[in-house]
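One structure is given below, encoded as structure tokens.
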Amino acid sequence: MASDRTRIFIIDDEPPIRRLFLHYLEDYAEFTVRTAGSGEQAQEELRQEPADVAVADMRLPGMSGEEFVRTAGRQGLCRHFFLHTGSMDMVLSDELRGLGVSEEDVFLKPADMDLLLARIREVATEGGWHGHSGD
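Its first residue numbered 26, the sequence shown is counted upward by one per residue in my numbering.
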């Protein structure tokens, strides 16, 4: 049953990266995975059905990944955010920290999928919503 799964949303403007995340994570029965190519599209879809975890590319066309996280976080569209970036110099803003994003939630490209999987499971368990039967 999909409502028993951790709901993951991937936001990246590069289709091969979206597919990589999707194909890796959907192999695990504990997850339901959706994707979007922009922050604007992701917000629209998340308004229809929120997610437990969002993995956002920081460099998106239009709305940046940071802007997406700030907006989606304030609107309650997702419980926890991970950032995917190619920048080794990324510094978390106070607002991102206030939304619960920590250094452990920043994944450098190319992301180590096993580390990402472990972190998703960790925050799902800590948050008490792993295997939650819906809101």
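Ideal Cβ placement from N, Cα and C applies to all residues, glycine included.
Just so you know, these numbers come straight off a predicted model, no measurement behind them.
- Spatial neighbours of Ser89 in its own chain (CB-CB distance under 6 Å, excluding positions within 5 residues in sequence) are not present.
- Non-local beta-carbon contacts of Arg43 in its own chain, meaning distances under 6 Å to residues more than five positions away in sequence, involve Ile35, Asp37, Thr60 in chain order.
- In the DSSP assignment, Ala97 falls within the alpha helix (DSSP H) that extends over 90–99.
- In the three-state reduction of the DSSP assignment, Asp29 falls in the helix class.
- Selection Asp52, Leu45, Gln66 evaluated against Thr31 yields Asp52 as nearest (Cα-Cα).
- CA-to-CA, the gap between Ala79 and Val94 works out to about 8 Å.
- Counting of Cβ neighbours within 10 angstroms places Arg99 among the exposed residues, the total staying below 16.
- C-alpha of Leu50 to C-alpha of Glu70: approximately 19 Å in a straight line.
- Of the residues Val58, Gly101, Ala54, Ser112, the one whose Cα lies closest to the Cα of Asp82 is Ser112.
- When the Cα atoms are used, Phe107 and Phe132 turn out to be separated by approximately 7 Å.
- The C-beta of His109 has 16 or more other C-beta atoms within 10 Å across all chains shown, which makes the residue buried.
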